[in-house]
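**Student:** Letter 145 of the sequence shown, counting from 1, is numbered 150 in this note's numbering, and no numbers are missing. For each residue, glycine too, the CB sits at the ideal point set by N, CA and C. All of these numbers come straight from a predicted model, not from anything done at the bench.
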Amino acid sequence: MRVLVVGGGVAGAAVAYFAAQGGAQVTVVDAGIHAASHVPSALLNPVRGQSGQVDGRALEGLALTWALVRELEAAGWSIPHGQEGVLRPVPDERTRAKFARNLPPALPHRWLTPGDFPASLSPGWPHALLIPAGGWLDGAAFCAGLLDVSGAEVVRGRAVAWDAHSITLEEGPRLQGDALVWCGGAVGSGWASEAGTHRAGTLLTLDRPATALPVSFGAYLAPRAGGTGVLGATFEVPTPTWQEPTLPAASLRWLLNRGDALADLRGVRVTGRWSGIRLSGLVAGRQPDGVWRLSGLSSKGFLLGPLLARHVAGDVLRETAT
Ligand SMILES: Cc1cc2nc3c(=O)[nH]c(=O)nc-3n(C[C@H](O)[C@H](O)[C@H](O)COP(=O)(O)OP(=O)(O)OC[C@H]3O[C@@H](n4cnc5c(N)ncnc54)[C@H](O)[C@@H]3O)c2cc1C
């Protein structure tokens with residue numbers, strides 16, 4: 006069976022990996038630009054946002070992503086990551102109560118009080134939730150490792166048309182397969198002129214990690230490959246179409262203020278900037294036109310992307326074989 010995949014971000018790379026594991030021959034067509042998955046340091050944080058929501062699939066997703074990291078490293082890939090936990094400081098009792106209500110008993114966690122806080126955390130937080138199973142990883146390395154280990158053929162180019170069994174590339178050639186999975190992310194949705202909820206964000210790269218553990222509330226500080234760090238958030242007002250991400254001066258000011266609220270940034274130097282767009286509105290399954298789709302991973306690309314890709318790839322193989 007030949008499976009065609011449009012997009013080589015975490016969704017497409019993971020679909021390719023699981024489809025190949027299931028015995029399919031896989032071809033991935035990837036334009037190789039504007040992948041949200043190339044976020045320099047992605048958090049694996051099951052306790053989301055400022056209300057502490059935990060997705061019902063988060064624990065399974067977390068375990069699968071870490072298992073894949075171990076598998077890729079065993080296969081010789083270096084995937085910069087840290088699995089030492091994520092710290093979620095909360096600003097008041099009300100927020101703590103909200104977080105506590107949402108925590109599933111199966112999720113290992115510990116509430117810290119100021120006496121136990123890491124020295125790097127800025128003063129003023131009354132409580133912090135430590136999630137030992139969380140962490141961070143290098144998005145681009147993870148995707149490249151998955152694609153490589155899958156053995157998929159990777160075609161660099163842009164698909165301009167597709168249906169349930171074929172892809173037409175911008176340069177003209179047409180690829181044929183038994184099934185097609187569309188994983189084009191935010192930029193692909195924009196190229197396809199779809200309406201959607203696109204949200205831009207920025208990571209400032211830092212010359213060193215401002216905190217040993219990733220720390221997240223509003224924005225996040227996290228270690229990154231090579232002993233460096235990031236300060237980032239997805240914070241721009243959503244737009245209905247994909248737009249080249251920018252960093253307005255007011256956003257830069259906001260991000261630096263959020264960073265200061267999390268840790269003492271004196272002495273830390275900003276070395277660069279990475280901006281991307283993520284797409285909301287999860288779709289995982291076969292569409293009425295017969296094209297399969299995994300998109301709209303929002304801010305949970307690395308937490309849930311591989312798990313959802315395993316489901317989609319399994320369904321593709323099962324339903325295409327019958
Ligand atoms: C600032 C920011 C911070 C984030 N932080 C986190 C985090 O901490 N933790 C987390 O889990 N998630 C995080 N995310 C979200 C995460 O990055 C996304 O959910 C995820 O990367 C989306 O993956 P994807 O594979 O769907 O799309 P993408 O990674 O965008 O990949 C799509 C790929 O498809 C290609 N493509 C599209 N259309 C075509 C076409 N027609 N032909 C050929 N190729 C095509 C593109 O070039 C691209 O390479 C963050 C996102 C942003 C923007």
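1) Along the alpha helix (DSSP H) that carries PRO311, what are the first and last residues, could you check?
2) Within the chosen definition, does the stretch 205 to 224 reach the stretch 254 to 268 through at least 3 CB pairs nearer than 8 Å?
3) Quick check on DSSP: helix, strand or coil for HIS43?
4) Can you list, in chain order, the residues of its chain with a C-beta nearer than 6 Å to that of ALA254? Leave out the 5 residues immediately preceding and following it.
5) Closer than 6 Å: is that where the CB of ARG163 sits relative to any heavy atom of ligand 1?
6) With respect to 6 Å, is the separation between the Cβ of ARG298 and the closest non-hydrogen atom of ligand 1 below this value?
7) How many Å lie between PRO123 and PRO113 at the Cα?
8) For the alpha helix (DSSP H) that contains GLU98, what are its first and last residues?
9) Is it right to say SER155 is buried, meaning 16 or more other beta carbons lie within 10 angstroms of its own, or is it exposed?
10) Given a cut-off of 7 Å, decide if ALA149 and ARG283 are closer than it, judged by their beta-carbon atoms.
11) Suppose the cutoff is 8 Å on Cβ atoms and the five residues either side in sequence are ignored; what does the same chain contact list for VAL194 look like?
12) Could you tell me which of PRO137, ALA326, VAL11, MET6 sits nearest to ASP168, measuring between CA atoms?
13) Do GLY237 and LEU257 count as a contact pair if the criterion is CB distance below 7 Å?
14) Please specify which runs of the beta strand (DSSP E), each continuous and at least 3 residues long, are wholly inside the stretch 55 to 101, giving them in chain order.
15) Between ARG179 and GLY37, how many whole angstroms is the CB-CB distance? I'm expecting something under 8 Å.
**Tutor:** This is what the structure gives:
1) To locate residue 311, count along the sequence shown from 1; it is residue 306. DSSP places PRO311 inside the alpha helix (DSSP H), whose first and last residues are 306 to 326.
2) Proximity of the stretch 205 to 224 to the stretch 254 to 268 meets the contact definition, three or more beta-carbon pairs being nearer than 8 Å.
3) Here residue 43 refers to the residue found at position 38 when the sequence shown is read from its first residue. For HIS43, the three-state secondary structure derived from DSSP is helix.
4) Translated into the one-based positions of the sequence shown, residue 254 becomes position 249. Excluding residues within five positions, none has a Cβ falling inside 6 Å.
5) Your numbering for residue 163 matches position 158 in the sequence shown. Ligand 1 approaches ARG163 closely enough that one of its heavy atoms is under 6 Å from the residue's Cβ.
6) One-based indexing of the sequence shown puts residue 298 at position 293. At a cut-off of 6 Å, the beta-carbon of ARG298 does not count as near ligand 1: no heavy atom of the ligand is closer than that.
7) For this step, residue 123 is matched to residue 118 along the sequence shown. For this step, residue 113 is matched to residue 108 along the sequence shown. So the alpha carbons of these two residues sit roughly 19 Å apart.
8) Counting from 1 along the sequence shown, the entry for residue 98 is found at position 93. The continuous alpha helix (DSSP H) containing GLU98 extends over residues 98 to 107.
9) For the purposes of this step, residue 155 is taken as the residue at position 150 of the sequence shown. With 16 or more Cβ atoms within 10 Å of its Cβ, SER155 is classed as buried.
10) As a working mapping, residue 283 is identified with position 278 in the sequence shown. As a working mapping, residue 149 is identified with position 144 in the sequence shown. No, the Cβ-Cβ distance between ARG283 and ALA149 is not below 7 Å.
11) Numbered from 1 along the sequence shown, position 189 holds the residue referred to as residue 194. According to the sequence provided, residue 194 is Ser. The question's Val does not apply to it. Answer for SER194: GLY201, HIS203, TRP247, LEU284, SER300, listed in chain order.
12) Within the sequence shown, the letter at position 163 stands for residue 168. The option with the nearest alpha carbon to ASP168 is VAL11.
13) In the sequence shown, the residue the question calls residue 257 occupies position 252. In the sequence shown, the residue the question calls residue 237 occupies position 232. Taking the C-beta atoms as reference points, GLY237 is found no nearer than 7 Å to LEU257.
14) Considered as a whole, the stretch 55 to 101 harbours 91 to 95 as its complete beta strand (DSSP E) runs of no fewer than 3 residues, in chain order.
15) Along the sequence shown, one-based indexing puts residue 179 at 174. Along the sequence shown, one-based indexing puts residue 37 at 32. Actually they are not in contact, since the Cβ atoms of ARG179 and GLY37 sit about 20 Å apart, beyond 8 Å.
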